[in-house]
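Inspection log for the structure reproduced underneath, given as structure tokens.
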Amino acid sequence: MRLAKLLSSLALLHLASGSPHGRRATCSNPPVRKEWRQLTVEEKAEYIEAVQCLTTLDAKSGLNGTVNRFDDFQAVHSDQTPYIHFVGHFLLWHRYFVASYEKSLREECGYAGAQPYWNWSQDASTNLSSTAIFETEIFDPDTGFGGNGAWVAITDAADNPFNLTGRTGGGCVQNGPFTSDKFQLHHAGGGCLKRDYIPWIMNSFAAQSLVDHVQSQPDYTTFARALENIPQFTEPNIHGSGHFGVGGVLGTLGNQYESPGDPLFYLHHGNLDRILWEWQQQDLPARLHEVGGPVEPLDYSGKNVTLDFTVNIGRLAGNATLETLLNTEGDVLCYTYDTA
Ligand SMILES: [Cu+2]
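Using the UniProt record's numbering, the letters of the sequence shown correspond one by one to residues 1 to 340.
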């Protein structure tokens, strides 16, 4: 009798001391991520000011070519690029990366809001040559991230390995808060922020019908594979929409290694994360405990990642298992979305 009482009080103590069962307690009041145009003009300004603040804080990543905290994130992504794309942990690695950026904005730069996302499907046109998608609020020079880069012709075919047509920019961004006089990159040679809009890629890769196709996949492995598709331009893939629609051939966002140098990276990947989050919501709690896909890039018949597979994001945050990253309101992550 006495022993039973002791055991039950020990069990209570265990529950109260932050065991895995107490996970709700560690994420109360999660920041609610919204689509960019749902932010007020003040909220938009606060977000952009917080991004600029990161560029004023000293680097901590210890990686070459980093001067400030914004550079740290770009360098960590660049460092791991060969191991974090076309793998089962692609989406959850990028989820952790964006959430750590959001955390830095909040904790190091006093930003009170959540990481916004850009739902490009709302802007995509069936007229593939339409440039309306680039005239949306997010590119506004006064309240958004500014527009296209200056036109730069490509004379050497080696500079356009996929032979992409329809480029419209390629040089430094011409207006908004991230022009070369106000914003400089340092990693991998650094320089100004560049954009190189390609309307047909943006419009076709961002189509809502493609997002619907991805979100209708029955399991994590097929979902993740449909989202990334193949590293070619013969078939659309929603991950490529922001990267190559905005970054094109010469732009920062189109560079597989250096893409987080464009502040829009975090709104683009925020949207991919929302698409994952919504897919998970379709079948909770099962989809809080399901991963799959190759350990090695594109090795679809090889070894698969499992729930206890660990990812790292350098010195940005501690190592995390894929299972902890499946839960956006758990012990490691703490945020949610305004849709459901
Ligand atoms: Cu990436």
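Cβ coordinates follow ideal geometry from the N, Cα and C atoms, glycine included.
{"Asked": "Any chance the segment 272–281 sits against the segment 59–68, with 3 or more Cβ pairs inside 8 angstroms?", "Found": "no"}
{"Asked": "Look up V173 in the DSSP assignment and give the residues it is bridged to.", "Found": "G149"}
{"Asked": "Could you check how far apart the C-beta atoms of L54 and S100 are, in whole angstroms? I think they sit under 8 angstroms.", "Found": "Not confirmed; about 12 angstroms, so no contact."}
{"Asked": "For W249, does the three-state DSSP call read helix, strand or coil?", "Found": "The displayed chain sequence assigns Val, not Trp, to residue 249. Note: V249 maps to coil in three-state DSSP."}
{"Asked": "Would you mind sorting T324 into buried or exposed? The rule is 16 or more other CB atoms within 10 Å of its CB.", "Found": "buried"}
{"Asked": "By DSSP, does D283 sit in helix, in strand, or in coil?", "Found": "coil"}
{"Asked": "Can you tell me the Cβ-Cβ gap for D308 and T321, rounded? I've got them flagged as a contact below 8 angstroms.", "Found": "5 angstroms"}
{"Asked": "Given this structure, state the Cα-to-Cα distance separating T179 from V173, to the nearest angstrom.", "Found": "5 angstroms"}
{"Asked": "With DSSP run on the structure shown, which of helix, strand or coil describes G22?", "Found": "Bear in mind that a pLDDT of 41 at G22, under 50, signals an unreliable position, so the number given afterwards is only what the model happens to contain. Looking at G22 - three-state DSSP - the assignment turns out to be helix."}
{"Asked": "Got a sec? Which residues, its chain only, sit under 7 angstroms from P75 by beta carbon, not counting five neighbours each side?", "Found": "Correcting the residue identity first, residue 75 is Ala in this sequence and not Pro. S61, L63, G65, T66, H187."}
{"Asked": "For the candidate residues T221, E329, Y337, I138, whose alpha-carbon lies nearest to that of S28?", "Found": "E329"}
{"Asked": "What does a CB cutoff of less than 8 angstroms around L39 pick up in its chain, not counting 5 residues either side in sequence?", "Found": "Y47, G113, P116"}
{"Asked": "Is the separation between the beta-carbon of H89 and that of V311 shorter than 7 angstroms?", "Found": "yes"}
{"Asked": "Could you tell me the alpha carbon to alpha carbon distance between F139 and Q184, rounded to whole angstroms?", "Found": "18 angstroms"}
{"Asked": "Of the residues D338, L298, A153, E43, which one's Cα is nearest the Cα of N271?", "Found": "D338"}
{"Asked": "Please report how far the alpha carbon of P263 lies from the alpha carbon of P161, in whole angstroms.", "Found": "25 angstroms"}
{"Asked": "What are the boundary residues of the alpha helix (DSSP H) that includes P199?", "Found": "199–205"}
{"Asked": "Please return the same chain residues whose Cβ sits closer than 8 angstroms to the Cβ of N163, not counting the five positions on each side in sequence.", "Found": "A157"}
{"Asked": "Given 8 angstroms as the limit, is there contact between the segment 143–156 and the segment 225–241, that is, 3 or more CB pairs closer than that?", "Found": "no"}
{"Asked": "With DSSP as the reference, identify every bridge partner of D58, one or two as the case may be.", "Found": "N68"}
{"Asked": "Which whole runs of the alpha helix (DSSP H) in the UniProt domain \"Tyrosinase copper-binding\" (85–102) are 4 residues long or more, in chain order?", "Found": "none"}
{"Asked": "Please state whether DSSP places C334 in a helix, a strand or coil.", "Found": "strand"}
{"Asked": "Does the distance from the C-beta atom of Q256 to that of T131 stay below 7 angstroms?", "Found": "no"}
{"Asked": "Can you tell me which of F205, H289, G318 puts its alpha carbon nearest to the alpha carbon of N327?", "Found": "H289"}
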